[in-house]
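Colleague: This is the structure, below, for whatever I ask next.
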Amino acid sequence: MTLRPFLRPVLLTVAATAVVFTATELLPGDAGDLRRAGRASEQDIADERDRLGLDRPAAVRYIDWLYGAVRGDLGRSLVSGRTVTGLFAERLPATAALVVFALAVTVLLTAAALTVAFLRGGHGGALATGLAAVPQSVYAAVLGTVFAGILGWLPAVSLLPPGGSPFDAPQALVLPGVTLALPSAAYATALLRGTLVDTLRRPHVSDARTRGVPPALVLARHVLAFLLIPALRVTALVAGGLMAGTALVETMFGYPGTGSLLVSAVAVRDVPVVQAAALPPVVVLLLCMLVADRLAVLHSGRSGSTDHGSGPAVAAAVGGRA
Amino acid sequence: MRLNAPSRAHQSIPATRRALLTVAGALLLTGCSSSDSPGDAAAPTGKPVDGGTLRYAVTGSPATASNDPHGGLGNESDLLRFALAYDVLTVPGKDGEPKPRLAVSWKPNKAMNRWTFTLRDDAQFTDGRPVRAADVLYSLRRIADKSAENYGRLADFDMKASSADGDHTVVLATRAPMAQAAKALESVSFIVPEGTKDFSKTVPGSGPFKVRTSGAQTAVLVRNDRWWGSRPHLDRIEIQAIADPQARANAVTSGQADVAGSVSPAAVKSAGNSGGLQVVRRKGVTEYPFIMRMDTKPFDDPRVREAFRLATDRKALVDTVFLGYGQIANDLPTPYDPSYPGDLPQRVRDVAKAKELLQQAGHADGLTITLHTTTAYPGMDTAATLYARQLSEIGVKANVKVEPADTYWTAVYAKKTFYTGYYGGISFPDLARVGLLSTSPTNETAWKNKKFDTGFTRAMGTLDADRRNTLLADIQRDLWKDGGYVVWGTGDGLDLAARGVTGLPDGPGFQRMFIDQVWMAK
Numbered sequence: 001m002t003l004r005p006f007l008r009p010v011l012l013t014v015a016a017t018a019v020v021f022t023a024t025e026l027l028p029g030d031a032g033d034l035r036r037a038g039r040a041s042e043q044d045i046a047d048e049r050d051r052l053g054l055d056r057p058a059a060v061r062y063i064d065w066l067y068g069a070v071r072g073d074l075g076r077s078l079v080s081g082r083t084v085t086g087l088f089a090e091r092l093p094a095t096a097a098l099v100v101f102a103l104a105v106t107v108l109l110t111a112a113a114l115t116v117a118f119l120r121g122g123h124g125g126a127l128a129t130g131l132a133a134v135p136q137s138v139y140a141a142v143l144g145t146v147f148a149g150i151l152g153w154l155p156a157v158s159l160l161p162p163g164g165s166p167f168d169a170p171q172a173l174v175l176p177g178v179t180l181a182l183p184s185a186a187y188a189t190a191l192l193r194g195t196l197v198d199t200l201r202r203p204h205v206s207d208a209r210t211r212g213v214p215p216a217l218v219l220a221r222h223v224l225a226f227l228l229i230p231a232l233r234v235t236a237l238v239a240g241g242l243m244a245g246t247a248l249v250e251t252m253f254g255y256p257g258t259g260s261l262l263v264s265a266v267a268v269r270d271v272p273v274v275q276a277a278a279l280p281p282v283v284v285l286l287l288c289m290l291v292a293d294r295l296a297v298l299h300s301g302r303s304g305s306t307d308h309g310s311g312p313a314v315a316a317a318v319g320g321r322a
Numbered sequence: 001m002r003l004n005a006p007s008r009a010h011q012s013i014p015a016t017r018r019a020l021l022t023v024a025g026a027l028l029l030t031g032c033s034s035s036d037s038p039g040d041a042a043a044p045t046g047k048p049v050d051g052g053t054l055r056y057a058v059t060g061s062p063a064t065a066s067n068d069p070h071g072g073l074g075n076e077s078d079l080l081r082f083a084l085a086y087d088v089l090t091v092p093g094k095d096g097e098p099k100p101r102l103a104v105s106w107k108p109n110k111a112m113n114r115w116t117f118t119l120r121d122d123a124q125f126t127d128g129r130p131v132r133a134a135d136v137l138y139s140l141r142r143i144a145d146k147s148a149e150n151y152g153r154l155a156d157f158d159m160k161a162s163s164a165d166g167d168h169t170v171v172l173a174t175r176a177p178m179a180q181a182a183k184a185l186e187s188v189s190f191i192v193p194e195g196t197k198d199f200s201k202t203v204p205g206s207g208p209f210k211v212r213t214s215g216a217q218t219a220v221l222v223r224n225d226r227w228w229g230s231r232p233h234l235d236r237i238e239i240q241a242i243a244d245p246q247a248r249a250n251a252v253t254s255g256q257a258d259v260a261g262s263v264s265p266a267a268v269k270s271a272g273n274s275g276g277l278q279v280v281r282r283k284g285v286t287e288y289p290f291i292m293r294m295d296t297k298p299f300d301d302p303r304v305r306e307a308f309r310l311a312t313d314r315k316a317l318v319d320t321v322f323l324g325y326g327q328i329a330n331d332l333p334t335p336y337d338p339s340y341p342g343d344l345p346q347r348v349r350d351v352a353k354a355k356e357l358l359q360q361a362g363h364a365d366g367l368t369i370t371l372h373t374t375t376a377y378p379g380m381d382t383a384a385t386l387y388a389r390q391l392s393e394i395g396v397k398a399n400v401k402v403e404p405a406d407t408y409w410t411a412v413y414a415k416k417t418f419y420t421g422y423y424g425g426i427s428f429p430d431l432a433r434v435g436l437l438s439t440s441p442t443n444e445t446a447w448k449n450k451k452f453d454t455g456f457t458r459a460m461g462t463l464d465a466d467r468r469n470t471l472l473a474d475i476q477r478d479l480w481k482d483g484g485y486v487v488w489g490t491g492d493g494l495d496l497a498a499r500g501v502t503g504l505p506d507g508p509g510f511q512r513m514f515i516d517q518v519w520m521a522k
């Protein structure tokens, strides 16, 4: 096994952090003058900027950050002075629990939707596309209204008990998790349905169907093998997307994860925190892609075919909306 | 006001999302079918009940959470924790004048540039050490040293020239004669043990509660039985920092918290259907004045300024922007200040007179102008839109320009000719210092007036509070007549609380953070 497959994710991670850093640089205002709220003298702001090290060139600050990150030091928050790793250590478990839960729901929903699509011979794709296009905030509003407001089954905000973990309050995961999962599942379904339709058109599948083989058997024996690799790739993509999607749902439901940390850090231009917060989605996406690619290679090696799993859907997925 | 700024960041949620949240909240609450409307907070009645845990959902942002009470006070959740865990020298009273806390009394020298503060002798830190003058001096010096972080919270004091006189007396030097030294120390003078350097974790305090755990999202405090003051009734206070105002309100309406600090009028209105809740109204907390730069056309003409004030339908603005949770104002920015000249006539809408004034000023054919605003605080953009409509009735075409919330205070504020301002309960002397003196760093209306400057200096050198307030009232009369403000109303600060929570502060400014005497009916 060579190192080459790992080189690409590392380079992509560096590229992604560079993009994030540039984006935060391009935002108007920095941590120094955003905190003044129009009331401090120019001298105060200059002192503050000096204290925060914001007077150094952007490239120097980026390289500094990168050098620190390699050694496991993500720096200190410009605003609170706390270590970024400490801030994340406090919040990452909550977000991890949320993402794992949302991913499980996504997989279940996608599987269910694809089964329905399969039974209907591949029709009804517009619904999935439509549902995928609805913004997350709409899901949050509707789900919150129904399940917290009208039915009263679930908490309206996802507070965790002081010092507690998501496992002390699993019901807090449901609304934000499902809010994340619904559009992701619709999106995954829309992507995989294409592969499903292609598979259903293959001669051996239509042949089996005309011969009257029970649908469950057709699915298990002839269809699933073709769906496996695209499904892995889409899962990888969705995992990264879910991670990125936590920013919105965590803020809306008051859930104490890294997503809401990112939102508040952007608002105050706390660049070290924003930089670090951008890492988990990128790393999760790239790691999952790496795993999916490795599995695809293993799979194709075993079955001796080369065209498995590189359906048009996945090509679309890479340029997709995650 | 600058200490109120942080909530701006949390509220800079895109308008569409806010609308959705509000709709969700409204729908959410109509689901609970109780006709009971929320009453205004009852004055503490009945015999206080001891014990219990109060869960307080407060504005907070994980990115700015801090353990250092001397740096930038970025977060209300931090401020609430500090106010419970540390003693301060003085606190704001209901009348706006400072009241004793750790300092029992204070008096100046003749020149009024040396103030002798006498401290209580029975205060001690949670580790058992007594609180001494040396601790007070150390803490105040540390605040002054961190001026770049906290924008000169103690800039008026000369901490090098200040000294301790025995264990329970500090002599504080001010840079200029200063009648209101005790007010300047109000609420933010958190006292820690001398020599404390590591603030990465909680340090001992001498306040009514002690911190048991503290993180970026939650803090748990328990009663400090060594505290010198009236024994708090509550056993425990849990602080939950929640950035989103609608999420805070939801936490209380769904029973996950007992108090939600700083919620929107819309959240209170929708809570009207859920029953079992009370609303704490803190008067004069939010204000979105329209600001006219007097050094720029067309506002360099006093007739134009007067016309713009006369065009204002104040009641319509208060009803629309604050949904009625507010009072109309009279073009002076701090109507809640003890120095407010209450005998001024209320300016009322007079479209005919306004048109006439514009005509005299040479704008008979109308006037086109840009009114800048933003979405930093809920309703700021609504206020500008409605005012633009009111202005159209006197022949002024005001184009409303909604600017990005996070750069509004650096790119627009005190720079454009005509824009929407914000005040969060600043006192008149503070406002004058930062925005109305010829030498003020951000003179937002370009108000430069010799008589005002000298009148202010004279008032600040006057020890007697009544006399000082009279002098300050006098300089406000000129501002009312001729200044660059259109102040149409003040909105209430709104907190939602579960029924049974009693004694929540409803006074001005930081008073709301001092919740140590709150109790909960069983």
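For the protein sequence lines, the chains are A and B, in the order given.
Here UniProt numbering is used: position 58 in the first sequence is 58, and no number is missing along the way.
Here UniProt numbering is used: position 413 in the second sequence is 413, and no number is missing along the way.
Where a beta carbon is used, it is the ideal one built from N, C-alpha and C, also for glycine.
This structure is a prediction, so every number in the text was calculated from the model and none was measured.
1. Touching or not, the stretch 453 to 462 of chain B and the stretch 283 to 299 of chain B, by the rule of three or more beta carbon pairs under 8 Å?
2. Quick one: which chain A residues come within Cβ less than 8 Å of V220(B)?
3. Is the beta carbon of G75(A) closer than 8 Å to that of V84(A)?
4. Against chain B, with Cβ distances strictly below 8 Å, would S80(A) count as a contact?
5. Is there at least one Cβ from chain A nearer than 8 Å to Q390(B)'s Cβ?
6. In the stretch 231 to 249 of chain B, which residues sit with their C-beta less than 7 Å from some C-beta in chain A, listed in chain order?
7. Residue range of the alpha helix (DSSP H) that R314(B) falls in?
8. Please compile the residues from chain A whose C-beta is within a distance smaller than 9 Å of the C-beta of G74(B).
9. Are the CB atoms of A231(A) and H222(A) nearer to each other than 8 Å?
10. Under 8 Å by Cβ, that's how I've got L98(A) and T246(A) pegged, so tell me the actual separation to the nearest angstrom.
11. Please report the distance separating the alpha-carbon of I203(B) from that of H70(B).
12. Rounded to whole angstroms, what's the CA-CA distance from R212(B) to D168(A)? Just pull it up for me.
13. Under the rule that 16 or more other beta-carbon atoms within 10 Å means buried, what is residue 325(A), buried or exposed?
14. So which residues of chain C does A184(B) contact, with C-beta pairs closer than 7 Å?
15. Could you tell me the distance, in whole angstroms, from the CA atom of L287(A) to the CA atom of T13(A)?
16. Could you round the C-beta distance between K210(B) and T126(B) to whole angstroms and report it? I think they count as a contact, below 8 Å.
17. Does any CB atom of chain B fall closer than 8 Å to the CB of P256(A)?
18. Helix or strand or just coil, what does DSSP make of L187(A)?
19. Beta-carbon of V157(A) versus every beta-carbon of chain B: anything under 8 Å?
20. Could you check the C-alpha separation between W153(A) and L173(A) for me, to the nearest Å?
21. Identify whether H372(B) lies in helix, strand or coil by the three-state DSSP scheme.
22. Quick check on V104(B) - is its C-beta less than 8 Å from some C-beta in chain A?
23. Counting only the same chain and skipping the five closest in sequence on each side, list residues whose C-beta sits under 7 Å from that of G31(B).
24. Going straight from the alpha carbon of A181(B) to that of L391(B), what length do you get?
25. N399(B) by DSSP, collapsed to three states: which one?
26. Between the stretch 382 to 413 of chain B and chain A, which residues of the former have a C-beta closer than 8 Å to a C-beta of the latter?
27. How long is the line joining the alpha carbons of M446(B) and L436(B), rounded to whole angstroms?
28. Quick one, which of K146(B), Y377(B) and A432(B) has its alpha-carbon nearest A405(B)'s?
29. Is it right to say E393(B) is buried, meaning 16 or more other beta carbons lie within 10 angstroms of its own, or is it exposed?
30. Can you tell me whether A16(A) is helix, strand or coil according to DSSP?
31. Just to make sure I have the definition right: I need the residues of chain B whose C-beta is within less than 9 Å of the C-beta of E25(A). Which are they?
32. Is F199(B) near F82(B), with beta carbons less than 8 Å apart?
33. For chain B, is any of its Cβ atoms less than 8 Å away from the one on G53(A)?
34. By the 8 Å beta-carbon criterion, what residues does the stretch 137 to 165 of chain B contribute toward chain A?
35. With a cut-off of 8 Å, does the C-beta of S77(B) fall near any C-beta of chain A?
36. Tell me, please, which residues DSSP counts as bridged to L496(B).
Modeller: Short version:
1. no
2. P162 and G163
3. yes
4. yes
5. no
6. E238, Q240, I242, A243, D244 and A247
7. R314 to V321
8. R35, V79, S80 and V268
9. no
10. 6 Å
11. Per the sequence presented here, residue 203(B) reads as Val, with Ile not at that position. In a straight line, the C-alpha of V203(B) is about 12 Å away from that of H70(B).
12. 19 Å
13. With chain A covering only 1 through 322, there is no way to say anything about residue 325(A).
14. In the structure shown, chain C does not exist; the protein chains are A and B.
15. 10 Å
16. 5 Å
17. yes
18. The sequence given here places Tyr at residue 187(A); Leu does not occur at that position. Y187(A): helix per DSSP, three-state reduction.
19. yes
20. 13 Å
21. strand
22. no
23. In this prediction, G31(B) scores a pLDDT of 32, lower than 50, which makes its location untrustworthy; no coordinate-derived value is stated.
24. 43 Å
25. strand
26. P404, D406, T407, W409, T410, A411 and Y413
27. Correcting the residue type first, residue 446(B) is Ala in the shown sequence and not Met. Going by the C-alpha atoms only, they are around 8 Å apart.
28. Y377(B)
29. exposed
30. helix
31. The premise fails here: E25(A) is roughly 14 Å from chain B at the closest Cβ pair, so nothing lies under 9 Å.
32. no
33. no
34. S147, A148, E149, Y151 and G152
35. no
36. A260(B) and V279(B)
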